[in-house]
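Engineer: Sharing a structure here in structure tokens format.
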Amino acid sequence: MEYFKGTTAIAVVFLGILTSIAYRMLGFGSNKFPVNGKTILITGASEGMGRSAAIQLAQKGANIVIVSRSTQKLEAAIKLIQAAAVDPSKQRFHYISADLTNPDDADRILDETTKWNNGVALDAVWCCAGYCHPGYFIDVPIQTLRDQMDTVYWTSAYTAHATLRRWLAPITSSGTNLSSPPRHLIFTASTLSFFTVTGYSPYSPPKAAIRNLSDVLVQEIEMYNGARRSKDANAPATDVKIHIVFPMGISSPGFENEQKLKPALTHIMEEADKPQTPDEVAAIAIKGLEKGDFQIITNMVGQVMRTSSLGISPRNSVFLDTVASWFTNIVCLFVISDFMGKAFNFGKKNGISSTRP
């Protein structure tokens, strides 16, 4: 009898887990990223994925601020975003030209945007700035390696630092900032953070650094969320949420330039990577935010890459991610061998393939 009780309990728990997973995968449940009437800042949004995300969020009722270096591109982008507004009479739009490799500019855009938002803190900040310069490690000048770290990692780190210092200001004794709704800090990395490929030595390390930063912040943020809970039992358990998006190839002007710079061997290794449009990636990313995912992947190949190296990262689904990681770690044994074999055979047949100009 005790055996059947135990078996029944296990079956009930397992069924509950499967039901919860199915419920979530089918899109049921509350929207964890409501944007109607909210104010969202997106960096690197003058073109590509950032601009597509801004347009789609405007279609959902958000107020949008976009940031980039080029004023000309920003002016063109803001017109498209304004035209997408679901309620032009209520929604507001703004752009700021800034060089986010400068930490002072990150502070400036947060101050300017908060002032523009009538002194109210932003509801979400999405870091999309950056570009890819592929090449073999010893062929790429040191300055290019520095530029990649600056434009890919530091633009996000500076923006996140400026944002969180404002969002996580000490709680006052009056408790006036206890009831603030959840805010969202969103990073944009790459599947190369999980599974890199020959030819991306300038680009993969800064993207991996963003992934690592998100893993650290998703832990640290709970200290601040817990402090708010300790002051007021009715306050939200999570005042700030961290997310990170991992696209693969995205068809855009930047991607076209990237294709010209890639070594021939990189093209061979990336045959399975079919670029998605900026609109597709933005739509999938927003859907993942609405489900409350921490790590958001935009296609199936990326999911395989992600589950191969979860490490300490929080799971989107404990059951599915765990099972998938068992499978992909076996698959990776063959993929790693295949990639190394391709590199060896390429060198044996063609000699050293230089990307130096």
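Its first residue numbered 0, the sequence shown is counted upward by one per residue in numbering that gives the first Met the number 0.
All C-beta atoms in this analysis are idealised placements derived from N, C-alpha and C, irrespective of residue type, glycine included.
1) By a C-beta neighbour count over all protein chains shown, 10 Å radius and 16 as the cutoff for buried, is Asn-349 buried or exposed?
2) Residue range of the beta strand (DSSP E) that Lys-182 falls in?
3) Quick one: is the Cβ of Ala-156 within less than 7 Å of any heavy atom of the ligand NAD?
4) Enumerate in chain order the residues of its own chain whose CB-to-CB distance from Ala-120 is below 8 Å, with the five nearest sequence positions on each side excluded.
5) Between which two residues does the beta strand (DSSP E) holding Leu-40 run?
6) Mapping the DSSP letters down to three states, classify Tyr-135 as helix, strand or coil.
7) Rounded C-beta distance between Ile-283 and His-242? I'm assuming under 8 Å.
8) Using the Cα positions of Ala-159 and Ile-108, report the straight-line distance between them to the nearest angstrom.
9) If you draw a straight line from the C-alpha of Ala-128 to the C-alpha of Ser-155, how long is it?
10) For Lys-206, is the classification buried or exposed, using 16 other Cβ atoms within 10 angstroms of its Cβ as the cut-off for buried?
11) Starting from Gln-294, trace the alpha helix (DSSP H) in both directions and tell me its first and last residue.
12) Just how far apart, CA to CA, sit Asn-344 and Lys-261?
13) One question on the structure: do Val-196 and Thr-297 come within less than 8 Å of each other, judged by their Cβ atoms?
14) Among Gln-147, Met-148, Pro-277, which residue has its Cα nearest to the Cα of Ser-45?
15) Going by C-alpha distance, which of Lys-37, Ser-189, Gly-43 is nearest Thr-70?
16) Taking the Cβ atom as the reference point for each residue, do Ala-249 and Gly-47 lie within a distance shorter than 8 Å?
17) Tell me which residues share the same chain as Leu-191 and place their Cβ nearer than 8 Å to its Cβ, disregarding the 5 neighbours each side in the sequence.
18) Can you give me the C-alpha to C-alpha distance between Asp-86 and Ala-57, rounded to a whole angstrom?
19) By Cβ distance, which residues of its chain are closer than 6 Å to Met-339, with the 5 residues on each side in sequence left out?
20) For a quick check, are the C-beta atoms of Ala-188 and Phe-245 less than 8 Å apart?
21) Could you work out which residue in Leu-212, Lys-286, Val-239, Pro-140 is closest to Gly-225 when comparing CA atoms only?
Structural biologist: If we stick to the structure as given:
1) exposed
2) Per the sequence shown, residue 182 should be read as Arg rather than Lys. Note, Arg-182: beta strand (DSSP E), 182 to 187.
3) The model on display carries no ligand, and the ligand NAD is accordingly not part of it.
4) Thr-113, Arg-165, Trp-166, Ser-179, Arg-182
5) 38 to 42
6) coil
7) With a Cβ gap of about 13 Å, Ile-283 and His-242 do not count as contacting.
8) 12 Å
9) 7 Å
10) buried
11) Looking at the DSSP string, Gln-294 is not in any alpha helix (DSSP H); the run it does join, the beta strand (DSSP E), is 294 to 296.
12) 18 Å
13) no
14) Pro-277
15) Gly-43
16) Here residue 249 turns out to be Ile, not Ala, going by the sequence shown. Yes, Cβ-Cβ distance for Ile-249 and Gly-47 is below 8 Å.
17) Tyr-199, Tyr-202, Ser-203, Lys-206, Ala-207
18) 9 Å
19) none
20) yes
21) Val-239
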